[in-house]
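Student: Mapping to the numbering used here: the sequence shown position 220 is 234, numbers consecutive.
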Amino acid sequence: METRAHFHAELEALKGRVTALCGLVEDSRQGAVAAYLGRDLGMAKQVIEADRVINQQTCDIDDACLKLLALEQPVALDLRRIVGYARAVINLERLADEAVNIAEGALAGAGLPGDCDGTLQRLSEHVAAMYALAARSFVGDDVDAAMEVCRLDEQARELAVAAMRCITQSLSQCQASPEDGVRAILACRSFERMAAHAANIAEILVFIVKGVVLSQKCQPR
């Protein structure tokens, strides 16, 4: 009994580390948006530097997951939790990588073609809402919130298409330089991938709690 209590204490501590990583990734996401839309070079550098800590914590959590799997041989829900945490931190790290990509675009002199700042702003706000809901669902084992994140991913793709259309139109009408257009397209793609990683995190939570693997249309497969 004492051994199992120790195991569950370690499992809870592991969840706390994943939750803390969620906070660091959110800081990077917010910083990247501020750097790009506000042309804040200092913030861009902070996001890039902070990625080292995120990468290290990702490795540390992954090692902890492997240790628990090897030493405790968990089953059922406990096994799904450990596997789910390992999968979640991969998506968190990749989401942070997209924040770095956006920050690097800001350092390179990213511009906003024509009137496309509004479309990119709406996309970034939608991603922020998705990530906040995904993190909340993960921390609270909230399957309903996770399913809502999954549904919101389709809207993220639609917003990304609208932003891409605006950017390409601005380029065709010579309202923006090719350099600004390319950087804006890259930023748009990074925002879209952030949304996909948020949806992945939500799907992982459903897997942990329900043991169900979801497709991209929020249906079991």
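Think of the CB as a built atom: it goes at the ideal place given N, C-alpha and C, for glycine as much as any other residue.
1. Can you give the beta carbon distance from Ala49 to Ala142, rounded, assuming they're within the 8 Å contact cut?
2. With distances taken from CA atoms, which of Ala27, Lys29 and His211 is nearest Met144?
3. Measure the Cβ-Cβ separation of Gly132 and Phe221 and say whether it is below 8 Å.
4. State the Cα-Cα distance for the pair Leu83 and Asp155, rounded to the nearest angstrom.
5. Which residues in the same chain have their Cβ closer than 7 Å to the Cβ of Asn69, if we skip the five residues on either side of it in sequence?
6. Going by CA-CA distance only, name the one from Gly45, Ala160, Asp129 and Cys79 that's closest to Val114.
7. Determine the contact status of Leu134 and Ala177, defining contact as a CB-CB distance below 8 Å.
8. Looking at the secondary structure, which residues open and close the alpha helix (DSSP H) in which Ser151 lies?
9. Mind checking which residues open and close the alpha helix (DSSP H) that includes Ser186?
10. Please state whether the Cβ-Cβ distance between Gln71 and Leu38 is less than 8 Å.
11. Which value, in whole angstroms, describes the spacing of the CA atoms of Val47 and Arg18?
12. Within 10 angstroms of its Cβ, does Val89 collect 16 or more other Cβ (buried), or is it exposed?
13. Give every residue of the same chain whose Cβ lies closer than 8 Å to the Cβ of Ile75, excluding the five residues on either side of it in the sequence, and list them in chain order.
14. Is the separation between the beta-carbon of Asp65 and that of Ala110 shorter than 8 Å?
15. What do you get for Ala195, buried or exposed, if any count of 16 or more other CB atoms within 10 angstroms of its CB means buried?
16. The alpha helix (DSSP H) spanning Arg94 covers which residue range?
17. Determine the direct distance from the alpha carbon of Cys79 to that of Phe21, and round the result to whole angstroms.
18. Just to confirm, is the Cβ distance from Ala58 to Leu121 under 8 Å?
19. Go through its chain and collect everything with a Cβ distance to Gly225's Cβ below 7 Å, but skip five positions before and after it.
20. Tell me the rounded alpha-carbon separation between Ala174 and Ser204.
21. What does the Cβ neighbour count give for Arg136, buried or exposed, with the cut at 16 atoms within 10 Å?
Tutor: On the basis of the coordinates in this document:
1. Position 35 of the sequence shown, counted from the start, is the residue given in the question as residue 49. Position 128 of the sequence shown, counted from the start, is the residue given in the question as residue 142. That pair is no contact at about 15 Å.
2. Taking the sequence shown and counting its residues from 1, one reaches residue 144 at position 130. Among Ala27, Lys29 and His211, the Cα nearest to that of Met144 belongs to His211.
3. Here residue 132 corresponds to residue number 118 of the sequence shown, with the count starting at 1. Here residue 221 corresponds to residue number 207 of the sequence shown, with the count starting at 1. No, the Cβ-Cβ distance between Gly132 and Phe221 is not below 8 Å.
4. Residue numbering aside, residue 83 sits at position 69 when the sequence shown is read from its first letter. Residue numbering aside, residue 155 sits at position 141 when the sequence shown is read from its first letter. Answer to the nearest angstrom: the Cα atoms are 21 Å apart.
5. Walking along the sequence shown from the start, residue 69 turns up at place 55. If we look at Asn69 and ignore the five residues flanking it on each side, its Cβ neighbours are Glu107.
6. Numbered from its first residue, the sequence shown carries residue 114 at position 100. Of the candidates Gly45, Ala160, Asp129 and Cys79, the one whose C-alpha sits nearest the C-alpha of Val114 is Gly45.
7. Translated into positions along the sequence shown, residue 134 becomes position 120. Translated into positions along the sequence shown, residue 177 becomes position 163. Taking 8 Å as the Cβ cut-off, Leu134 and Ala177 qualify as a contacting pair.
8. Residue mapping note: residue 151 aligns to position 137 of the sequence shown, counting from 1. Element bounds for Ser151: Asp131 to Gly154.
9. Walking along the sequence shown from the start, residue 186 turns up at place 172. Note, Ser186: alpha helix (DSSP H), Val157 to Ser186.
10. To locate residue 71, count along the sequence shown from 1; it is residue 57. To locate residue 38, count along the sequence shown from 1; it is residue 24. Cβ atoms of Gln71 and Leu38: closer than 8 Å.
11. The count along the sequence shown starts at 1 and reaches residue 47 at position 33. The count along the sequence shown starts at 1 and reaches residue 18 at position 4. Going from the Cα of Val47 to the Cα of Arg18 covers about 44 Å.
12. Residue 89 sits at position 75 when you count from the first residue of the sequence shown. Exposed: under 16 other Cβ atoms inside 10 Å.
13. Position 61 of the sequence shown holds residue 75. Counting only Cβ-Cβ distances below 8 Å, and skipping sequence neighbours, we find Leu28, Arg31, Val32, Leu35, Tyr99, Ala100 and Val103.
14. For the purposes of this step, residue 65 is taken as the residue at position 51 of the sequence shown. For the purposes of this step, residue 110 is taken as the residue at position 96 of the sequence shown. In this structure, Asp65 places its C-beta atom within 8 Å of the C-beta atom of Ala110.
15. In the sequence shown, counting from the first residue as 1, residue 195 sits at position 181. The displayed chain sequence assigns Gly, not Ala, to residue 195. Buried, because 16 or more other Cβ atoms sit within 10 Å of the Cβ of Gly195.
16. Within the sequence shown, numbered from 1, the residue matching residue 94 stands at position 80. Where Arg94 is concerned, the enclosing alpha helix (DSSP H) stretches over Ala90 to Leu121.
17. Numbered from its first residue, the sequence shown carries residue 21 at position 7. Numbered from its first residue, the sequence shown carries residue 79 at position 65. About 12 Å.
18. Position 44 of the sequence shown, counted from the start, is the residue given in the question as residue 58. Position 107 of the sequence shown, counted from the start, is the residue given in the question as residue 121. In this structure, Leu121 lies closer than 8 Å to Ala58 by Cβ.
19. Position 211 of the sequence shown, counted from the start, is the residue given in the question as residue 225. Same-chain partners within the cutoff: Arg94.
20. As a first step, residue 174 is located in the sequence shown; it is residue number 160 there, counting from the start. As a first step, residue 204 is located in the sequence shown; it is residue number 190 there, counting from the start. Near 10 Å, if we compare the C-alpha coordinates of Ser204 and Ala174.
21. Position 122 of the sequence shown, counted from the first residue, corresponds to residue 136. Classification of Arg136: exposed, given that the 10 Å Cβ count is below 16.
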